[in-house]
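Working notes, structure below.
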Amino acid sequence: MRRFRRSKIANYIQEFGNETTLHGIPHLIKPKVHYLEKIMWVVIVALSTGGAMSLILNSWNRYNANPTVISLEKDFRDWNLTFPASTACFLNRLNDTLADDYIYEKWGIDPNTTEGEKYKAFLDSVVNLTWANMDSFKNFTDSEVFTSLTGEQLVDIARNVMVEMIFHSNIFNPIYKNISFEPTVTEMGYCYSYSSIVSSFLHFKDQAVVTYKKDLPVCNYLNSLCYARIEDLPTTVKYYIHSPYEIPDVNDKYFVVIQNMERDTSFRFQEMVASEDLRRLDPMQRQCRFVDEPLEGDKFYSYNLCMMNCRKRVAVGLCGCMPYFYIKGDGAKLCDVKGLACLSKYKERIVRLREEDGRRIHCNCLFQCEYTSFYIDKDAQRQWSYPVPSNIRYRWAIEHYSKTRQKRDIIFGFEDLLVSLGGTAAFFLGCSVLSFVELAYFFTLRLFWYIFSK
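Quick note: the sequence shown uses our numbering, first residue 1075, plus one each step.
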């Protein structure tokens, strides 16, 4: 029985060696061949197989790890640049009149008394909540009136006593005159974004419709006048300039405009675009994500949003809750007063994303495949006094256009991988893709029927 099985296996291997298109294999099973010649062919086949496998693995690793290229484009006269967005955050969001009314109606306290001043200080801390002022909540942990409030109730308080956004705008093209500020929740607190694609997704109220297409202002090299101006703001403001497909980060540069002041900022830019073919690759292959490829729980993707979510996870890990300026969606609890006081002890670590021993916390956030970075070109300020009417206004513009931009594209796609694998196999083993199909067929389906048919 053993001799019969050995004979069947030997016959099958003999049959495979005679029919295979893999070079060198037939010489191994030829009868009446000197054993030294067989050893020589074994060495040759082994070296060829090893070389082929090494280059095939290199090609596979290149396809997975580095299949893209960044090139430089210079046809600047044909480009349209999406006008940068602005996010404005009031330095003091507390409306004193609304705060006084809220204190009296909610707690029955006269806001003009010493006790009323403490309640007003609490409202000021709630409505102006950012990482910077979180220490102030340590002053309210000894009062049951404040500690009994939930995170959701703190959100309601902020909505009821904050300053309303009032403004007038002027933009370079009247077609876009209906663009307005939209409320948006950032790590700098409750702010307002102008000409932004993604701001409506960062709001206390859930948005039913998710769209990444809006009629945003565009500029080009032939239109040198590209600006927007905001005026008649109600109180001192700090503003950020950023891409319409991005949100401002807590570490980004900002500009402050106070009463009786006008600030004029112009920017240079560097743009990165991507070919549509890039979407065929996995995000980890191309090392970037498109804005419409959100992570789980989000409605869009941006690098700064990913970093925000990373800080949120760190905050929840340290104190079991998150500040209300982080959008809910993953089941995390909103911090009450004690939770905010807890976070204040770790705020530097959270903002800087550092472990207790100083090691960096890795968030694994990919850059956007398409983005525009803006760099300050000119920053001019003008102030005045009576009898000129008081006002707060600022302007931002693109005055100098870049004559180059970068483009992400595929340099080693799946088709190139197949060509590389086929060329390597043909060079080392003298075979093609059909040879590997033949190999799989011989040692699966055909082997099965060969064994059980006799």
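No residue lacks a Cβ here, since even glycine has one placed at the ideal position from N, Cα and C.
Query                                                                                                                               : Result
6 angstroms CB neighbourhood of P1463 in its chain, flanking five on each side removed                                              : none
Residues bridged to E1111 (per DSSP)                                                                                                : In the DSSP output, where bridge partners are listed per residue, E1111 has none listed.
heavy atom of the ligand FMN below 7 angstroms from I1245 C-beta                                                                    : The ligand FMN is not among the ligands present in this structure, which contains no ligands whatsoever.
Check whether G1105 and G1091 have beta carbons under 8 angstroms apart                                                             : The amino acid occupying residue 1105 in the given sequence is Pro; Gly does not appear at that position. No, the Cβ-Cβ distance between P1105 and G1091 is not below 8 angstroms.
For K1192, three-class secondary structure by DSSP                                                                                  : helix
W1181 - partner residues in DSSP beta bridges                                                                                       : Per DSSP, none; premise fails for W1181.
Chain-order list of residues whose beta-carbon lies under 8 angstroms from that of Y1449 (same chain, five-residue window excluded) : F1341, R1342, F1343 and Q1344
Reduced DSSP category for Q1281 - H, G, I as helix; E, B as strand; rest coil                                                       : Its pLDDT being 49, under 50, Q1281 is placed unreliably in this model, and the value from its coordinates should be taken loosely. DSSP places Q1281 in coil when its eight states are reduced to three.
H1108 classed as buried or exposed, judged by whether at least 16 other C-beta atoms fall within 10 angstroms                       : exposed
Ranges of the alpha helix (DSSP H) found wholly within the stretch 1288-1316, counting only runs of at least 4                      : none
Minimum length 3: unbroken beta strand (DSSP E) runs contained in the stretch 1322-1378                                             : 1329-1331 and 1335-1348
Among R1136, M1396 and F1374, nearest to V1229 - alpha-carbon criterion                                                             : M1396
Ordered list of alpha helix (DSSP H) runs contained in the stretch 1468-1522, each at least 4 residues                              : 1488-1503 and 1507-1516
Contact set for L1495: own chain, Cβ-Cβ below 7 angstroms, skip 5 residues either direction                                         : I1130 and S1133
First through last residue of the beta strand (DSSP E) which encompasses G1263                                                      : G1263 to Y1268
Span separating the alpha-carbon of Y1328 from that of H1316                                                                        : 10 angstroms
Status (buried if at least 16 other CB within 10 Å, exposed otherwise) for F1364                                                    : buried
Of the residues D1326, I1332, K1251 and N1247, the one placed nearest S1298, counting alpha carbons only                            : N1247
Contact check, V1311 vs F1164, beta carbons under 8 angstroms                                                                       : yes
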